[in-house]
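Below is one structure, written out as structure tokens; comments come after it.
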Amino acid sequence: WSEGIAIFIDDDQNRNGVTSLGDRLAERGCKISYKAALPPDPKATRNEVKDQLVKIRLMESRIIVLHTFSKTGLKVFDVAQELGMMEKGYVWIASSWLSTVLDSTSPVSPKIANSIEGALTLRPHTPNSKRKRDFISRWDKLSNGTIGLNPYGLYAYDTVWALAHALRLLLDKGVNISFSKYTNSGNLDAGGTMNLEELSIFDAGEQLLKNILATNMAGLTGPLRFRPDRAIINPAFEIINVIGNEYKKIGYWTNYSGLSVVSPETLYAKPPNRSVSNQHLDNVIWPGGTTDKPRGWVFPNNGEKLRIGVPYRVSYRDFISQVNGTDVVQGYCIDVFLAAIKLLPYAVPYKFILFGDGQQNPNYQDLANMVASGEFDAAVGDITIVTNRTRIVDFTQPYIESGLVVVAPVRKLSSSAWAFLRPFTPIMWAVTSSFFLIVGVVVWILEHRKNDEFRGPPKNQIITVLWFGFSTLFFAHRENTLTTLGRIVVLIWLFVVLIISSSYTASLTSILTVEQLISPINGIDSLIMNNEPIGYQVGSFAQNYLSEELDVPKSRLLALGSPEEYATALEQGIVAAVVDELSYIERFLSNYCKFSIRGNQFTRSGWGFAFPKDSPLAIDMSTAILALSENGELQKIHNKWLSRKACDSQGSNLPSEQLQLQSFWGLFLICGSVCVFALLMHMCLMMRKFSQQTPGVSELSRHGSSTPSERLQTFMSFIDKKEDQPVKRSKRKRKDTLPSVYEKEDEYINISKRTHMGTSQNGYSG
Numbered sequence: 072w073s074e075g076i077a078i079f080i081d082d083d084q085n086r087n088g089v090t091s092l093g094d095r096l097a098e099r100g101c102k103i104s105y106k107a108a109l110p111p112d113p114k115a116t117r118n119e120v121k122d123q124l125v126k127i128r129l130m131e132s133r134i135i136v137l138h139t140f141s142k143t144g145l146k147v148f149d150v151a152q153e154l155g156m157m158e159k160g161y162v163w164i165a166s167s168w169l170s171t172v173l174d175s176t177s178p179v180s181p182k183i184a185n186s187i188e189g190a191l192t193l194r195p196h197t198p199n200s201k202r203k204r205d206f207i208s209r210w211d212k213l214s215n216g217t218i219g220l221n222p223y224g225l226y227a228y229d230t231v232w233a234l235a236h237a238l239r240l241l242l243d244k245g246v247n248i249s250f251s252k253y254t255n256s257g258n259l260d261a262g263g264t265m266n267l268e269e270l271s272i273f274d275a276g277e278q279l280l281k282n283i284l285a286t287n288m289a290g291l292t293g294p295l296r297f298r299p300d301r302a303i304i305n306p307a308f309e310i311i312n313v314i315g316n317e318y319k320k321i322g323y324w325t326n327y328s329g330l331s332v333v334s335p336e337t338l339y340a341k342p343p344n345r346s347v348s349n350q351h352l353d354n355v356i357w358p359g360g361t362t363d364k365p366r367g368w369v370f371p372n373n374g375e376k377l378r379i380g381v382p383y384r385v386s387y388r389d390f391i392s393q394v395n396g397t398d399v400v401q402g403y404c405i406d407v408f409l410a411a412i413k414l415l416p417y418a419v420p421y422k423f424i425l426f427g428d429g430q431q432n433p434n435y436q437d438l439a440n441m442v443a444s445g446e447f448d449a450a451v452g453d454i455t456i457v458t459n460r461t462r463i464v465d466f467t468q469p470y471i472e473s474g475l476v477v478v479a480p481v482r483k484l485s486s487s488a489w490a491f492l493r494p495f496t497p498i499m500w501a502v503t504s505s506f507f508l509i510v511g512v513v514v515w516i517l518e519h520r521k522n523d524e525f526r527g528p529p530k531n532q533i534i535t536v537l538w539f540g541f542s543t544l545f546f547a548h549r550e551n552t553l554t555t556l557g558r559i560v561v562l563i564w565l566f567v568v569l570i571i572s573s574s575y576t577a578s579l580t581s582i583l584t585v586e587q588l589i590s591p592i593n594g595i596d597s598l599i600m601n602n603e604p605i606g607y608q609v610g611s612f613a614q615n616y617l618s619e620e621l622d623v624p625k626s627r628l629l630a631l632g633s634p635e636e637y638a639t640a641l642e643q644g645i646v647a648a649v650v651d652e653l654s655y656i657e658r659f660l661s662n663y664c665k666f667s668i669r670g671n672q673f674t675r676s677g678w679g680f681a682f683p684k685d686s687p688l689a690i691d692m693s694t695a696i697l698a699l700s701e702n703g704e705l706q707k708i709h710n711k712w713l714s715r716k717a718c719d720s721q722g723s724n725l726p727s728e729q730l731q732l733q734s735f736w737g738l739f740l741i742c743g744s745v746c747v748f749a750l751l752m753h754m755c756l757m758m759r760k761f762s763q764q765t766p767g768v769s770e771l772s773r774h775g776s777s778t779p780s781e782r783l784q785t786f787m788s789f790i791d792k793k794e795d796q797p798v799k800r801s802k803r804k805r806k807d808t809l810p811s812v813y814e815k816e817d818e819y820i821n822i823s824k825r826t827h828m829g830t831s832q833n834g835y836s837g
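Note that the numbering used here numbers the sequence shown so that position 432 is 503, with each residue one more than the last.
Next up, the structure:
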């Protein structure tokens, strides 16, 4: 329930109460839609009450809050029953005066009982205690059961006791009981009718007030203490449902935890919990004897039909059109509305009113403004849900998705001898080629010392690097890798090559087999940058969106009224492209094959029906539209009116996109990282081996006998040298240590020569 009606006595107390109620409802997004003020008791006549209730009966809301005194309140209920306002669908909520009547007059007369059947009321909550039960028992004996006792009587009893305790404290302190004449009575009683000069003031009044506010006692109404703001602590109300001569307690209300079926004494002993799951009451019997929760509103019963504004379109008449020579309107949007309104659980009388002159499409923002101003009760049609419209009206759930797109002329892309280059962008070709070369160089560095296939004259090595790198494209490389790091790099690179080659093949196949359409306009960004005129549909929000959101000068925007004007303007180059909603463009392209949607939708929205702000009909219609979507009826209506007609000569309406570097940068990043890691590991291993196998060079470096360039040259020579294969060591250990790596190498050469000569001599003599 989002709104209600308040009936109240037009005096300060009741008027302020209704104002406070309105403020609290506004905090929850609700409101009081109408305030019916009655003359103060006992001046309110039956005719005055009837006049107000007749007005209320013609209104939309069925939630009525009655904030009066008992005499006027019972009169309101009696007249409401006479007018049929205590029937099913109404909700009556009375303030605590009704519970006071029920407690004080038991049982109530059958006439009163019938008139308040199903109403809700509040009663101040007082805990059930033995002291309270004993007091009520004594009261019933004294009154012979003829006078009921309500919570306010219990509060009066506790008030007397609190005052007595406060006076006793004064007397215990020796304070004298004395009074003084009230001297300011003349200012308050200028007319002399109140006789205020007879008033007296208690001299110890301030001290007495302090004692009262400091009261801490257990009374009939529970613990009696006061907060700093002088309000009683832990206030609570019982929510009462009136059922005939009886009533049922259906829950409690406290500021501490809101609605609850748990007693306040239990709630105050726990942390506050105002979650939605805890905010509930017991079952309620509503007016009319029903237990079904009332909807809380009905369509206004003022004898008038709902005035529904319908845009008088001159183009795209599949969505909305007027049947020639009649007042009947038809189309996709109308069928959706009629199907949805049939699902409502209540009747809604309506009539369609065409909006527009029939010469050009109307302005849809003006239509929304007329709904907001009350000239129309609703608007039905191809109305786009946009921000500035939602500020003034409420929309239903969208019944069709839509968004702005760009449509431009296209031409068929003829076959070319260089078509094989089209799948990749230039930057993609450059990066891919670079990685073929990089991987070849990295593998050469990793394999050079161990693999004979990567050794030889510089010219052969360069050819090997190029051949190995680019032959991996076809997995045709014949060189085997011997090092672990080299194999890892090749494995990762072959995976990258597999992905890239598969993507290339798929894209090239699409280019060679599917008809390609190209245009200088690739989307909204390229359209804005080329500074050429842009077409839009008359009355569409596209004009404001382009000029206000995308900063397109209005001088570049050209209004077009029909699909024929679209085609003419595009063919003759009057506009570079047309910006319109996808639903319209799909209908346009079904008949005109020389144009195509360029890029993607750059807005996301939908079409809905517009209602005034806070209209409950918008909520119910949204529910109905969702039901149509779920049961498939919405799709059937779409197929009836908007089934796309195939265009014989039209091929693909979107060009094949070139493969961008952005789609593969992750693969290149992984491959590049592996290459860098492998090179770093390789260099670390080489430096460690260099330091282990050339101790003489390291010793000379520490003594400064060699320059950095000599050390670098030595290291490069070490890296370039083929790594020796492991051989069996001689049983005789060498005792002499050569001073440098060069002496070791010379000795090794001499030993080899002597061994070779000895072998030759033995062979010759043999």
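Think of the CB as a built atom: it goes at the ideal place given N, C-alpha and C, for glycine as much as any other residue. Small disclaimer: the values here were computed from a predicted structure and weren't measured.
Out of the options, state which residue places its alpha-carbon closest to the alpha-carbon of residue i.
| i | options | result |
| --- | --- | --- |
| T193 | S177, K212, I471 and S170 | Strictly speaking, residue 193 in this sequence is Leu, with Thr absent from that position. Considering only alpha carbons, the answer is S170. |
| L492 | R128, S578 and L92 | S578 |
| D406 | L751, Y470, E158 and T143 | Y470 |
| N354 | E375, N312, F735 and S654 | N312 |
| A567 | N551, P528 and F545 | One point to set straight first is that residue 567 is Val, not Ala, in the sequence displayed. The shortest Cα separation from V567 among N551, P528 and F545 belongs to F545. |
| I310 | I356, I304 and L438 | I356 |
| T554 | E269, I456 and R520 | R520 |
| D83 | R133, Q436, L109 and I283 | L109 |
| L565 | Y637, T580 and S542 | S542 |
| G44 | K760, W168 and G189 | Any answer about residue 44 is impossible in this case: the structure gives the chain only from 72 up to 837. |
| M130 | E119, G75 and L92 | G75 |
| E375 | F495, F423 and W489 | F423 |
| D300 | V399, I183 and L284 | L284 |
Given residue i, which residues of its chain have a CB within under 7 Å of its CB, disregarding the five upstream and five downstream residues?
| i | result |
| --- | --- |
| V536 | G511, V512 and W515 |
| I592 | V477, A479, L598, A647, A648 and R669 |
| K625 | S618 |
| P113 | K142 |
| S574 | L730 |
Answer with buried or exposed for residue i, where buried requires no fewer than 16 other C-beta atoms within 10 angstroms of its C-beta.
| i | result |
| --- | --- |
| N32 | Given a span of 72 to 837 for the chain in the structure shown, any question on residue 32 remains unanswerable. |
| D453 | buried |
| Y663 | buried |
| T362 | exposed |
| P382 | buried |
| R658 | buried |
| T503 | buried |
| V147 | buried |
| D229 | buried |
| T830 | With a pLDDT of only 41 at T830, under 50, the local geometry of the prediction cannot be trusted, and the value read off the model is given with reservation. By the neighbour-count rule (16 or more Cβ atoms within 10 Å), T830 is not buried but exposed. |
| V481 | buried |
| S444 | exposed |
CB-CB under 8 Å to residue i, same chain, minus the five flanking residues each way: which ones, in chain order?
| i | result |
| --- | --- |
| M441 | G380, F426, F447 and A450 |
| G474 | E652, L653, Q672, F673, T674, R675 and S676 |
| I456 | F466, P469, S676, G677, W678 and G679 |
| A439 | A450, I454, R460, I463, V464 and A681 |
Residues in the same chain with beta-carbon distance under 6 Å from residue i, minus the five sequence neighbours each way, listed in chain order, please.
| i | result |
| --- | --- |
| G367 | W72, R133 and I134 |
| Y253 | L270 and I272 |
| D81 | A108 |
| G557 | V514, L517 and E518 |
| T808 | Confidence at T808 is low in this model, with a pLDDT of 41, below 50, so the placement of that residue should be treated as unreliable; the coordinate-derived value is given next. Taken in chain order, the list of residues that qualify is empty. |
| A698 | L414 |
| N287 | R296 |
Problem set entry | Runs of beta strand (DSSP E) wholly within the stretch 77–128 (minimum 3 residues, chain order) | 102–109
For this session: Could you tell me whether the stretch 304–322 touches the stretch 274–290, using the rule of 3 or more Cβ pairs below 8 Å?
Result: no
Problem set entry | At least 3 beta-carbon pairs within less than 8 Å: the stretch 599–610 vs the stretch 644–656 | yes
Exercise. Fully enclosed by the stretch 203–288, which alpha helix (DSSP H) runs are 4 residues long or longer?
Worked result: 222–243, 256–259 and 276–284
Exercise. Between the stretch 158–165 and the stretch 207–218, are three or more C-beta pairs nearer than 8 Å?
Worked result: no
For this session: Evaluate the contact criterion for the stretch 677–693 versus the stretch 455–466: three or more CB pairs, one atom per stretch, below 8 Å.
Result: yes
Problem set entry | Cβ contact check for the stretch 196–212 and the stretch 175–187: 3 or more pairs under 8 Å | no
Problem set entry | the stretch 684–696 contacting the stretch 402–419, beta-carbon criterion three pairs below 8 Å | yes
For this session: With a floor of 4 residues, list each alpha helix (DSSP H) that falls wholly inside the stretch 664–750, ordered by position along the chain.
Result: 687–702 and 704–713
Exercise. Of all the beta strand (DSSP E) runs that stay within the bounds of the stretch 572–637, which reach a length of 3 or more residues?
Worked result: 605–608 and 628–631
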